[in-house]
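> Residue numbers (this note's numbering): 464 to 596.
C-beta atoms are modelled at their ideal positions from N, C-alpha and C, and glycine is treated no differently.
As the structure is a prediction and not an experimental result, all values here were calculated from the model.
Structure below; questions to follow.
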């Protein structure tokens with residue numbers, strides 16, 4: 464059974480309780496990997512959310528739009544360009560903090576596991592002149 468954690472935008476990381484998030488993550492890890500000495504591959508699935516601002520397009524554009532709205536609410540007198548730069552910076556910084564804490568918790572609970580993230584980094588090979596398979 465797949466369990467998914469979803470948040471609106473990464474900047475809200477500062478507004479939610481990371482403690483509560485880590486409690487949930489800890490419970491999910493313990494349920495999914497019952498052996499405390501597990502030494503195989505363990506993957507955190509993040510395919511429903513792209514943690515890099517620039518990778519949010521299509522249906523995920525909502526994350527960029529909400530990031531801009533948040534930046535505008537905090538800095539109403541800045542230009543569009545300045546707001547866009549702040550939105551991207553804050554989104555990426557919050558994403559990094561969110562995933563760092565999540566991975567630290569995973570490693571704490573299952574230190575012998577080989578941890579990774581599913582669908583990150585997100586490969587956008589079709590965007591350029593990719594000539595491979």
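How far does the beta strand (DSSP E) with residue 505 in it extend, from its first residue to its last?
Within the chain shown, residue 505 is the residue found at index 42, counting from 1. Element bounds for residue 505: 504 to 508.
> Tell me the DSSP secondary structure of residue 580 in three-state form.
On the chain shown, residue 580 is found 117 positions in, with the first residue counted as 1. Secondary structure of residue 580 (DSSP, three-state): strand.
> Within the same chain, show all residues whose beta-carbon is closer than 8 Å to that of residue 568, passing over the 5 residues directly before and after it, in chain order.
Counting from one through the chain shown, the residue named residue 568 turns up at place 105. Taking C-beta separations shorter than 8 Å and ignoring five residues to either side along the sequence, the partners of residue 568 in its chain run 485, 488, 489 and 492, following chain order.
> Just to confirm, are residue 578 and residue 505 a CB contact at a threshold of 7 Å?
Your numbering for residue 578 matches position 115 in the chain shown. Your numbering for residue 505 matches position 42 in the chain shown. Yes. Within cutoff.
> In the structure shown, what three-state DSSP assignment does residue 483 receive?
Numbered from 1 along the chain shown, position 20 holds the residue referred to as residue 483. The three-state reading of DSSP puts residue 483 in helix, counting H, G and I together.
> Going along the chain, which residues of its own chain have a beta-carbon closer than 8 Å to the beta-carbon of residue 502, five neighbours each way excluded?
Translated into the one-based positions of the chain shown, residue 502 becomes position 39. Hits under 8 Å: 575, 576 and 577.
> Shorter than 7 Å from the beta carbon of residue 539 to some beta carbon of chain C?
Here there is only one protein chain, and chain C is not present.
> By alpha-carbon positions, which one of 516, 525 and 529 ends up nearest to residue 552?
Residue numbering aside, residue 552 sits at position 89 when the chain shown is read from its first letter. For the residues 516, 525 and 529, the minimum Cα distance to residue 552 belongs to 516.
> Relative to the C-alpha of residue 566, which candidate in 483, 507, 497 and 500 has its C-alpha closest?
Stepping through the chain shown from its first residue, residue 566 is reached at position 103. Comparing alpha carbon positions, the residue from 483, 507, 497 and 500 closest to residue 566 is 507.
> With a floor of 3 residues, list each beta strand (DSSP E) that falls wholly inside the segment 522 to 582, ordered by position along the chain.
DSSP assignment within the segment 522 to 582 yields the following whole beta strand (DSSP E) runs of 3 residues or more, N-terminal first: 577 to 581.
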